[in-house]
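Worksheet: one structure, shown below.
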Amino acid sequence: GQQVMQIPQYQHVQEGEDFTTYCNSSTTLSNIQWYKQRPGGHPVFLIQLVKSGEVKKQKRLTFQFGEAKKNSSLHITATQTTDVGTYFCAVETGNQFYFGTGTSLTVIP
Amino acid sequence: KAGVTQTPRYLIKTRGQQVTLSCSPISGHRSVSWYQQTPGQGLQFLFEYFSETQRNKGNFPGRFSGRQFSNSRSEMNVSTLELGDSALYLCASSFSGSGNQPQHFGDGTRLSIL
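From first to last, the protein sequence lines stand for chains A and B.
Start counting at 1 in the first sequence, then tack on 48, and there's your number in the numbering used here.
Start counting at 1 in the second sequence, then tack on 15, and there's your number in the numbering used here.
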């Protein structure tokens with residue numbers, strides 16, 4: 049099945065520092081989605097990227113789709129305690145979603 | 016608009032028993048997917064239903080089954096429970112299950128096997 053590798057698995061940052069998580073696929077993707085799951089919560093859709101090299105921003109969050117459409121990144125500028133949670137990328141193949149292993153972000157006040 | 020509703024929220028069972036979990040999708044959504052989430056394995060796809068038909072199935076044993084009703088509500092059944100089935104079971108709905116649509120997750124059912 050589809051393999052989606054996500055790194056790092058864990059990240060601890062001081063509040064105000066930046067954070068980046070990376071998602072890599074062995075195959076070319078039609079699109080990629082990002083989700084956030086707060087501790088004790090459920091995954092919540094953040095954004096979808098479709099085009100090669102696409103960059104989308106949501107306030108302090110910047111999402112990028114690689115030129116070859118095989119990788120993606122999520123960058124958070126100046127983290128806040130509200131950013132705590134696990135960030136997942138997700139790709140779809142044949143109506144089946146494959147989620148990355150997730151990056152758990154801890155923000156130290 | 017009400018979100019995805021999963022019942023029950025928590026369940027405690029013993030090995031060998033069976034369990035049925037329920038998921039009511041967002042109104043108008045016809046695709047329902049089920050996932051198993053564990054600390055070691057992450058989010059793993061179980062199956063997806065659309066218009067009462069199972070369209071896709073993940074790599075889980077036959078003890079895991081599901082169905083979807085005409086109102087798009089879905090149930091998941093696990094028979095002969097094993098300790099390793101302890102997990103958070105999440106369902107997600109979308110309008111058609113297409114890969115370019117976001118999935119909307121419920122709060123999940125946390126299943127503990129003793």
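Beta carbons: idealized from backbone N, C-alpha and C, even for Gly.
Only a predicted model underlies this, so the values are computations on that prediction, with no experimental measurement involved.
What is the residue span of the beta strand (DSSP E) that residue i lies within?
| i | result |
| --- | --- |
| G81 of chain B | 79 to 83 |
| Q81 of chain A | 80 to 85 |
| V47 of chain B | 46 to 53 |
| H123 of chain A | 119 to 124 |
| S152 of chain A | 151 to 156 |
| T35 of chain B | 34 to 39 |
| R70 of chain B | 68 to 72 |
| L77 of chain A | Careful: L77 of chain A lies outside any beta strand (DSSP E) and carries neither H nor E. |
| A138 of chain A | 133 to 141 |
State the beta-bridge partners of residue i as determined by DSSP.
| i | result |
| --- | --- |
| S55 of chain A | Checking the sequence, you will find Ile at residue 55 of chain A rather than Ser. Its beta-bridge partners are A:Y70. |
| R125 of chain B | B:Y25, B:L103 |
| P91 of chain A | A:Q85 |
| K105 of chain A | A:T110 |
| Q128 of chain A | None; Q128 of chain A has no bridge partner. |
Expressed to the nearest angstrom, what Euclidean distance is found between the alpha-carbon atoms of residue i and residue j?
| i | j | result |
| --- | --- | --- |
| R30 of chain B | S101 of chain B | 10 Å |
| N119 of chain A | V139 of chain A | 11 Å |
| P87 of chain A | E67 of chain B | 33 Å |
| T125 of chain A | W82 of chain A | 17 Å |
| G77 of chain B | L96 of chain B | 12 Å |
| Q56 of chain B | G64 of chain A | 31 Å |
| S73 of chain A | Q69 of chain B | 26 Å |
| L109 of chain A | I41 of chain B | 27 Å |
| F84 of chain B | R45 of chain B | 10 Å |
| G101 of chain A | A116 of chain A | 8 Å |
| T75 of chain A | G148 of chain A | 14 Å |
| M91 of chain B | S80 of chain B | 6 Å |
Less than 8 Å between the C-beta atoms of residue i and residue j, yes or no?
| i | j | result |
| --- | --- | --- |
| L61 of chain B | T124 of chain B | no |
| G150 of chain A | T134 of chain A | yes |
| Y146 of chain A | Q50 of chain A | yes |
| Y70 of chain A | Q96 of chain A | no |
| F111 of chain A | L122 of chain A | yes |
| F110 of chain B | G18 of chain B | no |
| V47 of chain B | C106 of chain B | yes |
| N79 of chain A | N115 of chain B | yes |
If you drop the 5 nearest sequence neighbours on each side, which residues of the same chain put their C-beta closer than 8 Å to that of residue i?
| i | result |
| --- | --- |
| G89 of chain A | G133 |
| D66 of chain A | H123, I124, T125, A126, T127 |
Grab me the residues of residue i's own chain with a C-beta within less than 7 Å of its C-beta, minus the 5 sequence neighbours each way, in chain order.
| i | result |
| --- | --- |
| I27 of chain B | S127, L129 |
| L103 of chain B | Q52, G123, R125 |
Apart from the five residues just before and just after residue i, which ones in its own chain have a Cβ nearer than 6 Å to its Cβ?
| i | result |
| --- | --- |
| P154 of chain A | First, the amino acid is wrong: residue 154 of chain A is Thr here, not Pro. H60, listed in sequence order. |
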